[in-house]
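Below is one structure, written out as structure tokens; comments come after it.
Number of protein chains: 2
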Amino acid sequence: MSDPELVEQLLAGKHRALARAITNIEDREPGYRELVSALHRHTGGADVIGVTGSPGSGKSTLVDKLAATYRERGLTVGVIAIDPSSPYTGGAVLGDRIRMGSNVGDMDVFFRSMSARGSLGGLSTATADAVTALDAFGKDKILVETVGAGQNEIDIVKTADTVMVLVPPGSGDDVQMLKAGILEIGDVFVVNKADLEGADRTVQELREMIEYQEGGIPGTAGHHGAVASVKESGDSQSDETGEDWQAAIVETVAKRGEGVEELLETLAEHRAYLDASGRRETQARLRYAEKIRTLLREDTNELLAEEIERRGGLDRFVDRVLARETDPYAVADELLEPVEACLDGRRGRE
Amino acid sequence: MSDPELVEQLLAGKHRALARAITNIEDREPGYRELVSALHRHTGGADVIGVTGSPGSGKSTLVDKLAATYRERGLTVGVIAIDPSSPYTGGAVLGDRIRMGSNVGDMDVFFRSMSARGSLGGLSTATADAVTALDAFGKDKILVETVGAGQNEIDIVKTADTVMVLVPPGSGDDVQMLKAGILEIGDVFVVNKADLEGADRTVQELREMIEYQEGGIPGTAGHHGAVASVKESGDSQSDETGEDWQAAIVETVAKRGEGVEELLETLAEHRAYLDASGRRETQARLRYAEKIRTLLREDTNELLAEEIERRGGLDRFVDRVLARETDPYAVADELLEPVEACLDGRRGRE
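Respectively, the protein sequence lines represent chains Z and D.
So the first sequence is numbered by this note's numbering: it starts at 8 and just counts up by one.
So the second sequence is numbered by this note's numbering: it starts at 8 and just counts up by one.
Shown next as structure tokens:
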């Protein structure tokens with residue numbers, strides 16, 4: 008059951024309630040589903056910006072600067088930092104890192120780190136739910152920060168409207184690595200520490216890679232967004248206005264605040280593009296459909312696990328398969344038969 | 008429905024029936040489940056050897072030599088070559104490659120290539136089913152050959168009792184790449200083309216990597232099989248006899264037949280180890296349990312897809328989520344409610 012008081016306090020802007028809600032979500036505590044359900048109707052106002060990049064690309068510093076700059080403009084900010092490799096929740100609940108790293112001391116930058124307590128798939132669901140809580144709370148900007156280029160990190164970053172990829176300078180290797188899946192999901196590439204040697208080359212390599220990607224085959228390059236279209240896995244390249252987004256590259260030196268204004272402008276441009284092109288809604292549709300499918304899968308697995316348990320556990324079935332008394336297909340049929348019979352019976356009665 | 012005549016002819020040793028059975032399996036034709044079910048009780052006699060390695064490691068040549076050598080010893084052989092990247096079935100049904108590449112012209116080397124017609128997950132299931140057909144047919148040795156080190160290829164190779172990994176010589180990069188998951192599953196590493204420059208260094212690098220893996224941390228190295236134990240993802244390191252398998256390294260020059268005898272001996276040793284340690288059964292148990300889980304997942308997804316379709320399609324639900332009339336959790340509950348109610352009702356009546 009949901010806790011109506013928690014929902015009420017969160018919607019009234021109490022940071023303590025927000026923190027507790029996210030803890031409930033992260034720990035999958037009883038009632039978290041009803042909580043997220045209750046919050047969903049209050050969402051839709053925030054811009055969600057995903058930030059990824061290898062360790063050493065200066066992600067935390069840049070995220071802190073972005074948050075501080077948004078605050079200076081009077082916007083409220085929530086930061087969720089994901090550490091898929093950490094088995095525990097490392098961070099303090101309220102903004103320690105932000106406050107240490109910058110001059111922002113107010114509570115309107117809400118910082119929260121989350122980690123892989125359960126499965127990574129679960130972490131991606133939990134991240135989306137935490138974003139729901141921050142959005143319902145009324146944060147204007149939500150930054151979701153994660154490490155690396157694995158499929159799970161990509162799934163996490165895909166909970167965002169805009170995806171920012173940080174690339175450390177002078178690392179030809181890292182640009183190569185981007186091919187492994189990050190290039191396709193980046194809306195904005197940031198070469199941070201742009202004062203270091205090799206930054207120019209990195210920018211150049213990124214540019215070539217994006218152009219190659221957009222053109223498909225070098226020499227036949229067009230100007231219509233393979234990058235943007237790949238992101239949404241399979242649907243049409245052109246959107247309602249025929250307008251497409253070409254992945255942007257921005258250079259920053261986060262620790263001195265250089266390039267941050269330009270970055271904010273680029274992020275605003277991407278946001279405008281999302282609205283004008285109808286892509287924001289397209290992306291939301293895809294995300295919700297995927298979320299429903301994931302939940303159905305998880306819930307069904309749970310139902311099946313209960314059914315298997317009730318019938319003596321999987322080992323009993325495996326014993327019979329080993330003894331050649333039955334086989335995996337027959338076992339699957341046997342276990343699903345009651346479900347199918349039920350559904351069929353129900354349909355018959357309708 | 009199964010085709011009893013097809014099963015009968017396959018069990019009677021007709022290669023034409025075997026070929027048709029594998030086609031039915033690969034194409035998921037109606038009746039393939041019943042076919043595999045009917046064949047399962049006749050399995051358990053074959054040794055299944057998985058062969059993987061990057062392109063250029065000389066896999067095909069070595070597999071041909073192995074098959075030819077087994078034939079010379081009077082054993083029957085089946086080869087399944089998987090090409091996950093190919094969208095069509097490339098090979099001839101009966102042994103063209105074998106016959107071209109060696110002197111074996113008889114029908115007792117049955118060669119079949121399979122490819123990714125459907126999903127790669129499905130390919131792994133289809134491969135296991137094709138192995139079932141070859142095993143029931145009575146082949147003594149079944150070689151399953153695949154390319155690369157992705158998760159799907161690893162899943163395919165894990166349908167084997169013994170996993171052989173080919174490493175091209177002189178490729179430090181390739182040995183590094185092994186870290187990405189192949190090292191853990193290899194029972195026997197083969198440095199083929201061992202007459203090429205760099206082969207010694209590759210063998211040395213492999214040896215160090217295996218020792219590092221076994222010891223866990225250098226300097227605290229023990230001699231008990233982290234390698235073998237990792238393979239079965241999580242259960243105890245020591246088996247019934249306390250005996251463990253240390254991943255072996257064999258050098259071959261397949262095109263001249265050098266080292267093939269030694270390789271066969273090593274494969275026989277691993278087979279003896281599997282029997283003596285009880286690990287063959289442990290692996291079979293894990294494999295069957297995983298197969299049942301996979302089938303349950305696939306079948307349930309199908310049931311759910313039908314249920315969603317029956318209720319007007321997912322888009323209708325997504326529309327309501329976008330309009331904030333409902334949310335993904337509530338939709339999942341709504342869709343699963345009939346299934347749960349059915350199962351609960353049934354349990355109540357018992």
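Just so you know, even glycine gets a beta-carbon here, dropped at the ideal spot from N, CA and C.
It should be emphasised that the depicted structure is a prediction, and the values quoted were computed from it without experimental measurement.
Given a cut-off of 9 angstroms on the beta-carbon distance, is the pair residue i and residue j in contact?
| i | j | result |
| --- | --- | --- |
| residue 55 of chain Z | residue 169 of chain Z | yes |
| residue 173 of chain D | residue 333 of chain D | no |
| residue 140 of chain Z | residue 196 of chain Z | no |
| residue 153 of chain Z | residue 89 of chain Z | yes |
| residue 314 of chain Z | residue 346 of chain Z | yes |
| residue 336 of chain D | residue 40 of chain Z | yes |
| residue 262 of chain Z | residue 65 of chain Z | yes |
| residue 267 of chain Z | residue 72 of chain Z | yes |
| residue 117 of chain Z | residue 25 of chain Z | yes |
| residue 329 of chain D | residue 288 of chain Z | yes |
With a CB to CB cut of under 6 angstroms and the five nearest residues on each side skipped, what residues in its chain are close to residue i?
| i | result |
| --- | --- |
| residue 4 of chain Z | The structure shown does not extend to residue 4 of chain Z, since chain Z is modelled only from 8 to 357, so the question has no answer here. |
| residue 326 of chain Z | none |
| residue 241 of chain D | Because the pLDDT of residue 241 of chain D is 37, which lies under 50, any placement of that residue in the model is unreliable, and the number read from its coordinates should be weighed accordingly. Cβ within range, chain order: n/a, list empty. |
| residue 310 of chain D | none |
| residue 296 of chain Z | none |
| residue 358 of chain D | Residue 358 of chain D cannot be examined here, being either before or after the span of chain D that is shown, 8 to 357. |
| residue 352 of chain Z | none |
| residue 324 of chain D | 338 |
| residue 107 of chain D | With a pLDDT of 36 at residue 107 of chain D, under the threshold of 50, the predicted position of this residue should be treated as unreliable, though the coordinate-derived value follows. Excluding positions up to five away in sequence, the list is empty. |
| residue 57 of chain Z | 151, 164, 167 and 170 |
| residue 147 of chain D | 82 and 83 |
| residue 355 of chain Z | none |
If residue i and residue j are in contact, beta carbons under 8 angstroms, what's the gap, nearest whole angstrom?
| i | j | result |
| --- | --- | --- |
| residue 53 of chain Z | residue 136 of chain Z | 14 angstroms between Cβ atoms; not a contact. |
| residue 259 of chain D | residue 69 of chain D | 6 angstroms |
| residue 331 of chain Z | residue 286 of chain D | Contact doesn't hold; Cβ gap of about 20 angstroms is too wide. |
| residue 144 of chain Z | residue 20 of chain Z | 7 angstroms |
| residue 149 of chain Z | residue 63 of chain Z | The pair is not a contact, with the Cβ atoms about 24 angstroms apart (cut-off 8 angstroms). |
Skipping 5 residues on each side, what residues in its chain have a beta carbon closer than 8 angstroms to that of residue i?
| i | result |
| --- | --- |
| residue 272 of chain Z | none |
| residue 189 of chain Z | 59, 156, 161 and 172 |
| residue 291 of chain Z | none |
| residue 23 of chain Z | 16 |
| residue 51 of chain Z | 142 |
| residue 312 of chain D | none |
With a CB to CB cut of under 7 angstroms and the five nearest residues on each side skipped, what residues in its chain are close to residue i?
| i | result |
| --- | --- |
| residue 349 of chain D | none |
| residue 134 of chain Z | 87, 89, 121, 151, 163 and 166 |
| residue 301 of chain Z | 132 |
| residue 269 of chain Z | 257 |
| residue 18 of chain Z | 49 and 143 |
| residue 214 of chain D | 256 |
| residue 29 of chain Z | 119, 137 and 140 |
Quick test of the definition: if touching needs 3 or more C-beta pairs under 8 angstroms, does the segment 63-80 of chain D touch the segment 330-347 of chain D?
no
If contact is defined by three or more beta carbon pairs under 8 angstroms, each pair taking one atom from either stretch, is the segment 298-318 of chain Z in contact with the segment 27-35 of chain D?
no
Pick out the complete beta strand (DSSP E) segments inside the segment 128-157 of chain Z, 3 residues or longer, and give them in chain order.
148-152
Scan the segment 300-345 of chain Z and note each continuous alpha helix (DSSP H) run of 4 residues or more that stays entirely inside, going in chain order.
321-329
Every unbroken alpha helix (DSSP H) within the segment 35-66 of chain D, with a cutoff of 4 residues, ordered by chain:
39-47
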